[in-house]
Amino acid sequence: MFTLWIMVSAESTPLSIAGYLDFSYQGWDGPGSPTGEKQESKLWWNDGFWWGSLFNSSTDTFHIYRLNWGTHTWEDWGVELDDRIDSKADVLWDDTAKKLYVASHVAVLSDGEGVKTEANWARFYRYSYDATLQTYTLDAGFPVTINEDKTESLVMAKGSTGRLWITYVSRGDTPKASADYRVFVNSSADDGVTWGTPIAPTLNMTATAIHVNRGDSSAIVAVKDQVALMWNNSISHTNQTLHFALHSANVETGNWTHQQVAVPEGADDHISVKSLQSTVDGKVFAAIKTDAVTSDPFLPEQPLIAMFGIDINSGAKIMRQYSTNRDKDTRPMLMIDVGDQANAGDDKVYVFVSGKESGSKICYKVLDIKTPITD
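Printed below as a string of structure tokens:
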């Protein structure tokens, strides 16, 4: 049991500066914007620098960029990622292996589906980093195909023993007129060289929960020796719950341990999920958006943005309200600051939001991570 809707802090805190104007992504040919999917990551920290997968409007391809702290600009590092003008990607840096992983897909708005044209299939890229030259090189044999779909988003995680995982929502190879959208997963046991056949996970309860609506989304994260899958389901407004399932990170087969989390007014597809990365910790946190904005009548005090947390060791859960319908916040992003690695007591979770759907101030709130998780 857990208590819903306790405020993280009294007020949202605007960032101290407005930020720094950078280059345009004009020319990108996909739906929305290239960084528009809440579940996907575009940045990573390596060798004392921030790096990013950013669109290069001169070449109409995605390149690796590095942040110049002195000028507050992103500098093109000359390494091409996906060459498709309508693609989006999720990136993951493995500091132990010194490998950069990129899961890239042709982007569509809501209608994830299987496609026959190989040029439109999702790709997996693997790069090695040279610390002396401070550059990345595409490994031989890459990219490889990871699914034969166009999707709205595609999210990746790496388990404790090295198995790579992806998740996405699609109707797969069902007829185009079908509305049977499902959450899919796929994995690779050999560092991305070969991938299995994507499957809809088998849940240990409520098996139909894997069947979702167009526009719903899924995310995946590694936690201890497992992977945690999270998705929303908006097929029925009265049953719009947040879904959470666990599976061994090291094997592809077997049931997923599934549970549902009740969310007042239902869970939207705005999901940003992270975990505390340690061998003993089992905490997963997600920033979510509810469907309160669609409530009729409009209820200004209904919770709109919240943070969900679960300890997979004890099963304890928390839900903390960030803001209400009155605030009109959107696109929540969650980050974890582990602080001093030797001091678990200073771990914090940050939730960032955009003040309005049309764009506004970027605000944030912060919450101490308690050990164990308690209400």
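Start counting the sequence shown at 1093; every next residue gets the next number (my numbering).
Positions of the beta carbon are idealized from the N, C-alpha and C atoms, including for glycine.
Asked: Close-in-space but distant-in-sequence residues of the same chain around I1402 (CB under 6 Å, 5 per side omitted); Found: V1376, K1409
Asked: Q1413 burial status per 10 Å Cβ neighbour count (16 or more: buried); Found: buried
Asked: Reference G1206, options T1165, T1151, Y1273, M1248, closest by Cα; Found: Y1273
Asked: Exposure of W1213, with buried meaning 16 or more beta-carbon neighbours within 10 Å; Found: buried
Asked: Closer than 7 Å to chain C by CB, L1184; Found: Looking for chain C here will not work: only one protein chain is present.
Asked: Delimiting residues of the beta strand (DSSP E) encompassing L1215; Found: The displayed chain sequence assigns Arg, not Leu, to residue 1215. Segment 1214-1222, the beta strand (DSSP E) holding R1215.
Asked: Residue of N1324, A1354, I1302 minimising C-alpha distance to N1347; Found: I1302
Asked: As assigned by DSSP and simplified to three states, the class of I1363; Found: strand
Asked: CB contact flag (S1120, F1147, <7 Å); Found: According to the sequence displayed, residue 1120 carries Trp and not Ser. Closer than 7 Å, so yes.
Asked: Local conformation of I1402 per DSSP, three classes; Found: strand
Asked: Given 8 Å, three or more beta-carbon pairs between the stretch 1393-1400 and the stretch 1159-1167; Found: no
Asked: Spatial neighbours of T1349 in its chain, beta-carbon cut-off 7 Å, leaving aside the 5 residues before and after; Found: N1296, A1337, L1338
Asked: Proximity winner among K1242, W1137, N1325, relative to D1203 (alpha-carbon distances); Found: K1242
Asked: Ranges of the beta strand (DSSP E) found wholly within the stretch 1133-1211, counting only runs of at least 3; Found: 1135-1138, 1141-1148, 1153-1160, 1165-1172, 1179-1186, 1191-1198
Asked: At least three beta-carbon pairs within less than 8 Å, the stretch 1232-1251 to the stretch 1176-1195; Found: yes
Asked: Local conformation of R1418 per DSSP, three classes; Found: helix
Asked: C-beta atoms of G1431 and D1438 nearer than 7 Å; Found: yes
Asked: Nearest-angstrom Cβ-Cβ length linking G1288 and E1344, presumed shorter than 8 Å; Found: 6 Å
Asked: Three-way DSSP call (helix, strand, coil) for D1438 in this model; Found: helix
Asked: Other residues of its chain near F1390: CB distance less than 8 Å, five sequence neighbours each side excluded; Found: N1417
Asked: beta-carbon D1373 near the ligand FMN non-hydrogen atom, thresh 6 Å; Found: Summarising the ligand content, the structure contains no ligands, and the ligand FMN is consequently not present.
Asked: Nearest to M1427 (by Cα), restricted to the options S1116, Q1131, D1114, G1124; Found: Q1131
Asked: For I1327, the three-state DSSP class (helix, strand or coil); Found: coil
Asked: Residues near L1096 in its chain [Cβ-Cβ closer than 6 Å; skip 5 each side]; Found: Only weak support is given to the placement of L1096: the predicted model assigns it a pLDDT of 40, under 50, and the value that follows is read from those uncertain coordinates. For L1096, where only same-chain residues beyond five positions count, the Cβ hits under 6 Å are M1411.
Asked: Nearest neighbour of V1171, chosen from E1129, I1177, Y1219, D1282 [CA to CA]; Found: Y1219
Asked: Of the listed residues D1308, G1264, S1280, E1244, nearest to T1253 (C-alpha basis); Found: S1280
Asked: Under the three-state DSSP convention, the category D1461 falls into; Found: A small fix is needed here, since residue 1461 is Ile in this sequence, not Asp. In this structure, I1461 counts as coil in the three-state DSSP scheme.
Asked: Identified DSSP bridge partners for S1340; Found: Q1318
Asked: Per-residue burial, Q1318 [other beta carbons within 10 Å of its own, 16 or more giving buried]; Found: buried
Asked: S1280 - containing beta strand (DSSP E), residue span; Found: 1273-1280
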